[in-house]
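Below is one structure; the comments refer to it alone.
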Amino acid sequence: MQGMRKTVLAATAATLAMTTAGCYRDTTGGAPANTADSGAPGGAARRELVTTTPPGTGRADRVTWALYRGTTSIDPITAGDYPEITVTSLMCESLFRQGPDGSPGPGLATSLEYPDPRTAVLKLREGVRFWDGSPMTAEDVAFSIERNRDPKGGGYWVPVLSRVTSVKATGPLEVTLKLSRPDHWLRDVLSYMPGMVVSKAYVTAKGKDYGTARGGAMCTGSYKLGEWRTGDVLSVVRNDAYWNRSAVPLTGRIDFKGIPDEATLTAALLTGEVDGAYLELPLSTMDQVRASDAVKVYQGPSYLIDALIVADLRRGPLADARVRRALSLAIDREAYVATLYKGTAQPARALGTPGTWGYERGTFEAAWSALPDPKADLETARRLVQEAGASGKTVTFGMSNELNKLVTEANLFKTAAERIGLKPRLKAVSADAYGGFFLDPKARADVDGFFTTNYPNWADPGALYASFALPGGPQDYGGYRSAEAADLLERARGAAGPKERAELTVRAQRTVTGDLPWIPVVAPDTVLVLNARLSGATVSSQHLFAPWADRLGAVG
Amino acid sequence: MASYLVRRLVMLAATLLVSSLVVFAGLSAAPGDPLTTLSGGRSLPPQTVALLVERYHLNEPFLVRYASWLGGAARGDLGVSIQLRQDVSALIAARAGTTLGLIGYAALIVVVAGVAAGLLAALRPGTVDTVVVAATAVVVAVPPFVAAMALIGVFAVGLRWLPALGDGAGLWDGVRHLTLPALALAAAAAAAVARITRTSVREELGREHVQTAVARGIPYAAVVRRHALRNAAVPIGTLTGMTVASMIALAAVVERAFGLSGLGATLVNAALSKDFAVVQGVSLVLVTAFVLVNTLVDVGAALLDPRITLGGRS
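Taken in order, these protein sequences are the chains called A and B.
The first sequence begins at 1 in our numbering and counts up by one.
The second sequence begins at 1001 in our numbering and counts up by one.
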């Protein structure tokens, strides 16, 4: 539910060159292991998406992995952006685990039971050990959850645990959580950073230094922290005493390096100095990378959604739902996918894209297909603008010229607005100041809309909708108030059965998609570039939340 | 000489004080908020925000924050990075070696390649001279980031001779990793030094004392070394020193392009995330280095040419 903002992640990638329109090549490298349906029912081009690459067959000593910048923290409570969570997910394990296809499963906990609606009981796995050999206890688990709840801890995940009132170890392998209201998102909240278990003794000893280069970390995962020179390299090394003998990694050591520059990353991948990278931002050199024999490019499902956030639903031309709908109808999503994403995205009908259907897939798929195809329809759009009396009115989009993606996206909306009789204006700020739109209502007051690449933290569209449709939610930027959507989402959160939860979520989705407080643009794929000598990494948003390199090893 | 150095030292202190104030003020005035970094860019409950604001003194007036930073710096405490939660002095110590190595290597290339090419052109009029003049005319106009891209394209991706990324481990590997970055940094400067060397040596060779020495039958090599090159050394040395000083700033571009973990790349990152303590600390080091290099150039020039007096008011 604490959807996170990805646009600002590229604050340091300010040197991205302007993209030239590239031709769309529908290729994914390699032989897919689990070919999943691309999930574009209703006529969109079907592409081949894989959730994992074939498992590696041999051991690899050392692999170098690129991140868009260096890692700054490996403490789950302050790990929220790609360079932090990609690395932390390899070392620390959460109570529940997201599968490569988004499906939830047991992790360090085996079950979550609700003896009564306001009580949740976690049963913990036996025989789990930290890197130092000490056993994981209920005390460690209660301590780890409490750290996330503590507003004084400076952690990011306080809001997602808002319904929890107390956490107590009630047995050697049992932890009981008291709730203010029924909460059936709890298992999923405990399937990423807020659910990661750290050693109480170690954290207490290190204090504020925990999770930094000086304090290190103590978790239970199959990789442990090796050398960490901030700004240069963070290494994780195989934990040979890993408690789960069946999942001991094939790769001995992974060196993570921050490479903000696109050209440098491309060169490093092509020369083999970097073995792999998840491309967090569309890469303008994609065609060059695809043409190389040294690497393979894989496309998989993701939770990502690229959207326009309406800055304030109470003022300006976009306060009128008809103008928002007109804008949505006027944007050329296909051209945007071809130009910026080079085919690694698909037009989005709603914010809850196919990659986020982690349960009750049928329900979500049927609802998605029932939504209109996002094809440009200028005639209807123009009529809507005229009906709303908005013709000739100025619409301001917040953007930054330092980020290629924002430049392309802002121009997409500018063209669309011009075509339907609005007067678009682009307000350019520095890449750093762009983050202000998400934090500062005063910055938002200068614009009518700004762009985001967002995602829910687990595979449930409801998690994303709740972040802005519930008043006071972590992404309540535009003051969207729909009693109906809010009520449906609250009920979904309180619904015990997955079927009921999915149905309530889908109904909320219908309301939100009609109101368009955010205008969905495209659903980007997870893009993995991997050296041809390696295989086994997952190709989905799972790499942000769960171990993704256990099967990574040599091939051929 | 001693009084000159003392005066230079006082000037250095004054420069550091002024530049730290200017950098601090500039960073404060620039848009953006350290809270973005602290919150990971997401909205946090008001309680947490209040706590972070208090912990990092974000609400205090500019002058109060500057004074407290200055007080710490005077005691040798450069503060803590908000982004990495690491001591700034430790952070600088870990990165200074890379930048020093890069600039040293580049300076070596500038001196050796620049002077050699310039001498060659001066002593071998004709084809060699034309080639050197034409080549340096092109290279002198190539900024380091363009040179970096070209060098990566040719030597790392195309020929696979040298690595394009990172610092490397150990001496030999480190030198291999620094070669392309140093070339990128040195290319334009080396070309400029070559052109100055060529002109200065030509000029000296045409002067009376050189002609006399040649006429007296002194071996030509010795004439070039002792009479032409020695006199030309002052302009060459001054230009070299100035370009090396400018490399301190340009290193940031090259470090980013080659993924080197140096002071320049750190400075850029810290400025983007409004990590005040890091920006201040690194700026101090860079300004000090700049002043030191310039002082060395002045002292060197005085040693080479007794007519130059240090800090003269004429």
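Glycine included, C-beta positions come from ideal geometry on N, C-alpha and C.
Can you list, in chain order, the residues of its chain with a C-beta nearer than 8 Å to that of residue 1220 of chain B? Leave out the 5 residues immediately preceding and following it. Your numbering for residue 1220 of chain B matches position 220 in the second sequence. So the list reads 1214, once near-sequence residues are dropped.
Assign residue 1255 of chain B to one of two classes, buried (16 or more other C-beta atoms within 10 Å of its C-beta) or exposed (fewer than that). Within the second sequence, the letter at position 255 stands for residue 1255 of chain B. Classification of residue 1255 of chain B: buried, given that the 10 Å Cβ count is 16 or more.
Looking at the unbroken alpha helix (DSSP H) that takes in residue 414 of chain A, where does it start and where does it end? Within the first sequence, numbered from 1, the residue matching residue 414 of chain A stands at position 414. Here the alpha helix (DSSP H) through residue 414 of chain A covers 404-419.
So what's residue 1002 of chain B in DSSP terms, helix, strand or just coil? Walking along the second sequence from the start, residue 1002 of chain B turns up at place 2. Reduced to three states, the DSSP call for residue 1002 of chain B is helix.
Name the residue from A:156, A:324, A:364 whose alpha carbon lies nearest to the alpha carbon of residue 390 of chain A. Your numbering for residue 390 of chain A matches position 390 in the first sequence. The option with the nearest alpha carbon to residue 390 of chain A is A:324.
Pick from A:213, A:174, A:105, A:66 that is closest to residue 530 of chain A, judged by C-alpha positions: Here residue 530 of chain A refers to the residue found at position 530 when the first sequence is read from its first residue. Of the candidates A:213, A:174, A:105, A:66, the one whose C-alpha sits nearest the C-alpha of residue 530 of chain A is A:66.
Just to confirm the assignment, what range does the beta strand (DSSP E) spanning residue 104 of chain A have? Start at 1 with the first residue of the first sequence, and residue 104 of chain A comes out as number 104. Counting along the chain, the beta strand (DSSP E) containing residue 104 of chain A begins and ends at 104-106.
What's the call for residue 349 of chain A, buried or exposed, on a 16-neighbour Cβ count within 10 Å? By 1-based counting over the first sequence, the position of residue 349 of chain A is 349. Classification of residue 349 of chain A: buried, given that the 10 Å Cβ count is 16 or more.
Using a Cβ-Cβ distance cut-off of 8 Å, determine whether residue 1176 of chain B contacts chain A. For this step, residue 1176 of chain B is matched to residue 176 along the second sequence. No, its Cβ sits nowhere closer than 8 Å to a Cβ of chain A.
So residue 453 of chain A contacts chain B; which residues on that side make the cut at Cβ distance below 9 Å? Translated into the one-based positions of the first sequence, residue 453 of chain A becomes position 453. Within chain B, no residue comes near residue 453 of chain A; the closest Cβ sits about 12 Å away, beyond 9 Å.
Please check the pair residue 147 of chain A and residue 153 of chain A, which I expect to be a contact at CB under 8 Å, by giving their CB distance rounded to whole angstroms. Numbered from 1 along the first sequence, position 147 holds the residue referred to as residue 147 of chain A. Numbered from 1 along the first sequence, position 153 holds the residue referred to as residue 153 of chain A. With 8 Å as the limit, residue 147 of chain A and residue 153 of chain A qualify as a contact, their Cβ atoms being about 6 Å apart.
Neighbour list for residue 1266 of chain B in chain A, Cβ cutoff strictly below 8 Å: Here residue 1266 of chain B refers to the residue found at position 266 when the second sequence is read from its first residue. 231, listed in chain order.
Return yes when the Cβ of residue 511 of chain A is within less than 8 Å of the Cβ of residue 482 of chain A, no when it is not. Taking the first sequence and counting its residues from 1, one reaches residue 482 of chain A at position 482. Taking the first sequence and counting its residues from 1, one reaches residue 511 of chain A at position 511. Taking 8 Å as the Cβ cut-off, residue 482 of chain A and residue 511 of chain A qualify as a contacting pair.
Strictly below 8 Å CB to CB, what residues from chain B border residue 259 of chain A? What you label residue 259 of chain A is simply residue 259 of the first sequence in a count that begins at 1. 1165, 1259, listed in chain order.
If you measure from the beta carbon of residue 318 of chain A to each beta carbon in chain B, is any gap under 8 Å? Counted from its first residue, the first sequence places residue 318 of chain A at position 318. With 8 Å as the cut-off, residue 318 of chain A does not count as an interface residue toward chain B.
Give a yes or no on whether the C-beta atoms belonging to residue 87 of chain A and residue 144 of chain A are separated by under 8 Å. The sequence position of residue 87 of chain A within the first sequence is 87, counting from 1. The sequence position of residue 144 of chain A within the first sequence is 144, counting from 1. Not a contact, by the Cβ cut-off of 8 Å.
Which value, in whole angstroms, describes the spacing of the CA atoms of residue 141 of chain A and residue 545 of chain A? By 1-based counting over the first sequence, the position of residue 141 of chain A is 141. By 1-based counting over the first sequence, the position of residue 545 of chain A is 545. Approximately 18 Å between the Cα atoms of the pair.
Quick one: does the C-beta of residue 1175 of chain B sit closer than 7 Å to a heavy atom of the ligand PLP? Among the components of this structure there are no ligands whatsoever, and the ligand PLP is therefore not found.
Return the bridge partner residues of residue 424 of chain A from the DSSP annotation. Here residue 424 of chain A corresponds to residue number 424 of the first sequence, with the count starting at 1. A:395.
If distances are taken between C-alpha atoms only, which option among A:246, A:166, A:257, A:131 comes closest to residue 69 of chain A? The sequence position of residue 69 of chain A within the first sequence is 69, counting from 1. When each option's Cα is compared against that of residue 69 of chain A, the closest is A:257.
Based on the DSSP secondary-structure assignment, which residues constitute the bridge partners of residue 64 of chain A? The residue labelled residue 64 of chain A in the question sits at position 64 within the first sequence. DSSP, once it has assigned bridges, lists A:255 as partnering residue 64 of chain A.
Could you check which residue in A:132, A:451, A:149, A:172 has the C-alpha nearest to that of residue 126 of chain A? Within the first sequence, residue 126 of chain A is the residue found at index 126, counting from 1. That would be A:172, whose Cα lies nearest to the Cα of residue 126 of chain A.
Neighbourhood of residue 1203 of chain B by C-beta distance below 8 Å, restricted to the same chain and skipping five residues each side: Start at 1 with the first residue of the second sequence, and residue 1203 of chain B comes out as number 203. Excluding sequence neighbours, residue 1203 of chain B sits near 1232.
Check the Cβ-Cβ distances between residue 1051 of chain B and every residue of chain A, and say whether any is below 8 Å. Start at 1 with the first residue of the second sequence, and residue 1051 of chain B comes out as number 51. Yes, its Cβ sits closer than 8 Å to a Cβ of chain A.
Indicate whether at least one CB of chain A lies closer than 8 Å to the CB of residue 1124 of chain B. In the second sequence, counting from the first residue as 1, residue 1124 of chain B sits at position 124. No, its Cβ sits nowhere closer than 8 Å to a Cβ of chain A.
For residue 1152 of chain B, would you say it is in contact with chain A, using Cβ-to-Cβ distances shorter than 8 Å as the test? Translated into the one-based positions of the second sequence, residue 1152 of chain B becomes position 152. By this cut-off, residue 1152 of chain B is an interface position.
Counting Cβ pairs, one atom from each stretch, are 3 or more of them under 8 Å apart for the stretch 1113-1128 of chain B and the stretch 1149-1156 of chain B? no
Against chain B, with Cβ distances strictly below 8 Å, would residue 214 of chain A count as a contact? Reading the first sequence from its first residue, position 214 is the one you call residue 214 of chain A. Yes - at least one Cβ of chain B is within 8 Å of the one on residue 214 of chain A.
Return the bridge partner residues of residue 298 of chain A from the DSSP annotation. Within the first sequence, residue 298 of chain A is the residue found at index 298, counting from 1. DSSP lists A:528 as partners of residue 298 of chain A.
Would you decide whether residue 1308 of chain B is buried or exposed? Buried here means 16 or more other CB atoms lie within 10 Å of its CB. Your numbering for residue 1308 of chain B matches position 308 in the second sequence. Residue 1308 of chain B should be labelled exposed.
Stretch pair the stretch 248-265 of chain A + the stretch 109-120 of chain A: three plus CB contacts closer than 8 Å: no
DSSP three-state label for residue 1294 of chain B, please. Counting from one through the second sequence, the residue named residue 1294 of chain B turns up at place 294. The answer is helix: DSSP assigns residue 1294 of chain B an H, G or I state.
Check whether the stretch 446-454 of chain A and the stretch 290-306 of chain A touch, using three or more Cβ-Cβ pairs below 8 Å as the test. yes
Reduced DSSP category for residue 32 of chain A - H, G, I as helix; E, B as strand; rest coil: By 1-based counting over the first sequence, the position of residue 32 of chain A is 32. Per-residue confidence for residue 32 of chain A stands at a pLDDT of 34, beneath the threshold of 50, marking its modelled position as unreliable; the derived number appears in the next sentence. Three-state result, residue 32 of chain A: coil.
Below 9 Å between beta carbons is the criterion; list the residues of the stretch 1084-1113 of chain B that meet it against any residue of chain A, in chain order. 1084, 1085, 1086, 1087, 1090, 1091, 1094, 1095, 1098
In its own chain, which residues sit with a C-beta less than 6 Å from the C-beta of residue 381 of chain A, not counting the 5 before and 5 after it? Taking the first sequence and counting its residues from 1, one reaches residue 381 of chain A at position 381. Excluding positions up to five away in sequence, the list reads 326, 329, 330, 420.
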